[in-house]
Amino acid sequence: MSAVENHQKHPNFIVQLEEPFNGSAPLEFLVQEFITANDLFFVRNHGNIPLIDVHEYRLSVVGMLRAPLELSLDDLKSRFPRVEMDVTLQCAGNRRDELMKVSPIPHELPWGAGAISTARWAGVRLRDVLIAAGIERSSRHIAFSGLDTVSRLEREFGFGGSIPMDKAMMPETLLAYEMNGEPLSPVHGFPLRVMVPGYIGARSVKWLGQITVQNEPSMNYFQRRAYKLFPPDVTLDNVNWDEGIMMGENSLNAVICYPFPGDTLPAGEVTLLGYAMSDGRSMVEQVQVSIDDGMHWTTAEFLSEKRDLWTWRLWQAKLTLAPGAYTLTARTRDTVGNSQPRDTQEVWNFKGYGNNSWHRIKITCE
Ligand SMILES: Nc1nc2c(c(=O)[nH]1)N[C@H]1C(S)=C(S)[C@@H](COP(=O)(O)O)O[C@H]1N2
Ligand SMILES: [Mo]
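With the numbering used here applied, the sequence shown covers 150 to 515.
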């Protein structure tokens with residue numbers, strides 16, 4: 150069986166890496182539906198895919214709590230109300246390939262713009278579990294660790310990270326056991342994962358084994374070293390890992406999914422398709438496209454009415470193009486008027502995270 154079949158993915162799924170398994174849908178598949186089908190949902194793994202026996206499975210909730218808990222999946226389902234929510238998950242490495250053209254980014258996966266997908270998640274609210282465990286309101290961070298095995302710095306441990314207590318107590322932050330009406334598949338974190346809407350994907354820890362309430366951010370490699378933002382002059386050779394900003398919220402982003410870079414299309418009316426994603430603080434208000442690098446803009450039309458902080462908005466824009474070569478540019482604005490950085494150079498960082506510069510693709514019309 151191929152890796153794609155083995156992990157229940159679509160025949161057109163693009164495998165970034167087989168071991169550990171990483172991949173994403175072709176962009177034209179991604180913008181077909183508001184909800185991404187499970188077999189097209191991107192996969193980002195740093196280690197193995199643990200096969201967990203749900204009967205043996207226990208989630209431990211420990212740390213600064215009056216009543217630490219050990220919960221089976223059935224305990225979670227029966228003790229806490231079920232909630233369903235549409236959430237778009239975006240990897241911090243989405244659009245890294247454009248940063249790599251500015252300057253090399255060694256040891257990282259060259260994600261295109263497909264490291265983003267949307268699902269309807271079902272699970273319980275993290276806050277309900279923390280309250281049942283007697284959380285102390287003065288505690289500051291909620292740390293998660295996964296039951297997978299990752300090797301870094303000659304050590305083996307589970308992938309982990311943390312979020313601030315305030316975010317953990319928000320009603321949108323879930324412990325999810327279902328994705329689009331099905332139990333999580335092994336690659337997406339069976340039997341339980343965290344779902345932190347509005348935050349980089351890395352905080353949505355899969356195969357969740359432990360939740361720890363503490364005063365400091367997680368000591369896990371993926372909180373302390375990876376997923377930090379550094380200025381452009383910092384490289385692997387001069388980095389001080391104690392500096393850098395731990396990433397939390399996403400950045401406002403817009404992408405053209407159709408046409409594709411390098412396409413040759415008949416001149417005349419061309420319909421662009423794409424997505425726009427909020428930063429988790431204010432909603433996407435408008436998407437615009439330009440053929441003259443931002444001198445003039447055409448406003449795109451949203452393909453659905455739904456507008457919230459946690460999901461993408463799919464859009465289309467019709468342009469009439471005479472024969473010639475074009476650079477198509479897209480950008481979005483949110484309800485408070487924030488927009489995106491104009492140039493990729495501005496956002497370049499040696500780990501290649503958070504690229505939300507204006508998306509540009511080159512096409513030709515004949
Ligand atoms: N345990 C564990 N959780 C994890 C990861 C991982 O490697 N191990 N990858 C993280 C990253 S970087 C992202 S972007 C999302 C991807 O979730 P998905 O594979 O369901 O798309 O899972 C996050 N949770
Ligand atoms: Mo990620």
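All C-beta atoms in this analysis are idealised placements derived from N, C-alpha and C, irrespective of residue type, glycine included.
Query raised in the report: In chain order, what residues of the same chain lie with their CB nearer than 7 Å to the CB of Met368, ignoring the 5 residues before and after it?
Result: In the sequence shown, the residue the question calls residue 368 occupies position 219. Once the five neighbours on either side are set aside, Met368 has no close Cβ partner at all.
Query raised in the report: If you draw a straight line from the alpha carbon of Asn197 to that of His445, how long is it in whole angstroms?
Result: For the purposes of this step, residue 197 is taken as the residue at position 48 of the sequence shown. For the purposes of this step, residue 445 is taken as the residue at position 296 of the sequence shown. Looking at the two C-alpha atoms, the distance is approximately 48 Å.
Query raised in the report: His337: beta carbon under 7 Å from a heavy atom of ligand 1?
Result: Counted from its first residue, the sequence shown places residue 337 at position 188. His337: yes, Cβ under 7 Å from ligand 1.
Query raised in the report: Is Ile349 near ligand 2, in the sense that its beta carbon is under 7 Å from a heavy atom of that ligand?
Result: Position 200 of the sequence shown, counted from the first residue, corresponds to residue 349. Indeed, a heavy atom of ligand 2 lies less than 7 Å from the Cβ.
Query raised in the report: alpha helix (DSSP H) containing Val426: first to last residue?
Result: Here the question's residue 426 lines up with position 277 in the sequence shown. Sequence check: residue 426 is Met here, not Val. Looking at the DSSP string, Met426 is not in any alpha helix (DSSP H); the run it does join, the beta strand (DSSP E), is Gly417 to Met426.
Report task. Identify whether Glu495 lies in helix, strand or coil by the three-state DSSP scheme. Result -> As a working note, residue 495 is residue 346 in the sequence shown. Residue state, collapsed to three classes: helix.
Requested in this report: Count the other C-beta atoms from every protein chain shown that fall within 10 angstroms of the C-beta of Pro160, then say buried if there are 16 or more, exposed otherwise.
Outcome: The residue labelled residue 160 in the question sits at position 11 within the sequence shown. By the neighbour-count rule (16 or more Cβ atoms within 10 Å), Pro160 is not buried but exposed.
Query raised in the report: Mind pulling the beta strand (DSSP E) runs of 3 or more residues that sit fully within the region 427 to 512?
Result: 433 to 439, 462 to 470 and 473 to 483
Requested in this report: Identify the continuous beta strand (DSSP E) that holds Asp326 and give its terminal residues.
Outcome: Along the sequence shown, read from residue 1 onward, the residue named residue 326 stands at position 177. Per the sequence shown, the amino acid found at residue 326 is Tyr instead of Asp. Run containing Tyr326: Leu323 to Met328, per the beta strand (DSSP E) assignment.
Query raised in the report: Are at least three pairs of beta-carbons, each pair with one atom in the region 312 to 327 and one in the region 265 to 284, less than 8 Å apart?
Result: yes
Query raised in the report: DSSP on Val210, reduced to helix/strand/coil?
Result: The residue given as residue 210 occupies position 61 in the sequence shown. Strand.
Query raised in the report: In chain order, what residues of the same chain lie with their CB nearer than 6 Å to the CB of Tyr370, ignoring the 5 residues before and after it?
Result: In the sequence shown, the residue the question calls residue 370 occupies position 221. Only Arg301 meet the Cβ criterion.
Query raised in the report: Got a sec: does ligand 1 put a non-hydrogen atom nearer than 7 Å to the Cβ of Gly172?
Result: The sequence position of residue 172 within the sequence shown is 23, counting from 1. Gly172: no, Cβ never under 7 Å from ligand 1.
Query raised in the report: Residues in its own chain within less than 8 Å of Asn498 by CB, not counting five upstream and five downstream?
Result: As a working note, residue 498 is residue 349 in the sequence shown. For Asn498, where only same-chain residues beyond five positions count, the Cβ hits under 8 Å are Leu248, Leu378, Phe379, Pro380, Pro381 and Val383.
Query raised in the report: Taking the C-alpha atoms as reference points, what is the distance between Thr481 and Val433?
Result: For the purposes of this step, residue 481 is taken as the residue at position 332 of the sequence shown. For the purposes of this step, residue 433 is taken as the residue at position 284 of the sequence shown. Straight-line Cα distance between these residues: approximately 7 Å.
Report task. Report the rounded CA-to-CA distance for Ala241 versus His195, giving the unit in angstroms. Result -> In the sequence shown, residue 241 corresponds to position 92, counting from 1. In the sequence shown, residue 195 corresponds to position 46, counting from 1. Near 13 Å, if we compare the C-alpha coordinates of His195 and Ala241.
Query raised in the report: Who are the near neighbours of Glu257 in its chain, counting only those whose CB is closer than 7 Å to its CB and skipping five residues on each side?
Result: Taking the sequence shown and counting its residues from 1, the one referred to as residue 257 is at position 108. So the list reads Gly242, Arg245, Lys500 and Gly501, once near-sequence residues are dropped.
Query raised in the report: Can you tell me the Cα-Cα spacing of Lys511 and Met426, whole angstroms?
Result: In the sequence shown, counting from the first residue as 1, residue 511 sits at position 362. In the sequence shown, counting from the first residue as 1, residue 426 sits at position 277. Their Cα atoms are separated by approximately 22 Å.
Query raised in the report: Which of helix, strand or coil does DSSP assign to Gln239?
Result: One-based indexing of the sequence shown puts residue 239 at position 90. Strand.
Report task. Would you kindly work out how many angstroms separate the C-alpha atoms of Gln435 and Lys226, rounded to a whole number? Result -> One-based indexing of the sequence shown puts residue 435 at position 286. One-based indexing of the sequence shown puts residue 226 at position 77. Whole-angstrom Cα-Cα distance: 39 Å.
Query raised in the report: Terminal residues of the continuous alpha helix (DSSP H) containing Val388?
Result: Locating residue 388 in the sequence shown gives position 239, where the first residue counts as 1. Unbroken run through Val388: none, as it is neither H nor E.
Report task. Would you mind sorting Val496 into buried or exposed? The rule is 16 or more other CB atoms within 10 Å of its CB. Result -> Here residue 496 corresponds to residue number 347 of the sequence shown, with the count starting at 1. Flag for Val496 reads buried.
Report task. Confirm the yes/no value for this check: CB of Arg193, any heavy atom of ligand 1, distance under 7 Å. Result -> As a working note, residue 193 is residue 44 in the sequence shown. Yes - ligand 1 has a heavy atom lying nearer than 7 Å to the Cβ of Arg193.
Requested in this report: Check whether the Cβ atoms of Asp235 and Trp459 lie closer than 8 Å to each other.
Outcome: Taking the sequence shown and counting its residues from 1, one reaches residue 235 at position 86. Taking the sequence shown and counting its residues from 1, one reaches residue 459 at position 310. The answer is yes: Cβ separation under 8 Å.
Requested in this report: Please confirm whether Leu189 and Ser287 have their CB atoms less than 8 Å apart.
Outcome: In the sequence shown, the residue the question calls residue 189 occupies position 40. In the sequence shown, the residue the question calls residue 287 occupies position 138. Cβ distance not < 8 Å, so Leu189 and Ser287 don't count as in contact.
**Report entry** Rounded straight-line distance, which links the Cα of Ala471 to that of Gly330
**Finding:** If you number the sequence shown from 1, residue 330 lands on position 181. If you number the sequence shown from 1, residue 471 lands on position 322. Distance between the alpha carbons of Gly330 and Ala471 is about 46 Å.
Query - Segment contact flag, the region 211 to 226 with the region 282 to 296, C-beta cutoff 8 Å, min 3 pairs - result: yes
Query raised in the report: Are the beta-carbon atoms of Trp507 and Ala479 separated by less than 8 Å?
Result: For this step, residue 507 is matched to residue 358 along the sequence shown. For this step, residue 479 is matched to residue 330 along the sequence shown. Yes, they are a contact pair.
Query raised in the report: Does ligand 1 have even one heavy atom less than 7 Å from the beta-carbon of Leu166?
Result: On the sequence shown, residue 166 is found 17 positions in, with the first residue counted as 1. Every heavy atom of ligand 1 is 7 Å or more from the Cβ of Leu166, so no.
**Report entry** Residue range of the unbroken beta strand (DSSP E) whose run includes Ser300
**Finding:** The count along the sequence shown starts at 1 and reaches residue 300 at position 151. Run containing Ser300: Val299 to Arg301, per the beta strand (DSSP E) assignment.
Query raised in the report: What are the boundary residues of the alpha helix (DSSP H) that Ser151 is part of?
Result: Here residue 151 is taken as the residue at index 2 of the sequence shown, counted from 1. It is not in any alpha helix (DSSP H) - Ser151 carries neither H nor E in the DSSP assignment.
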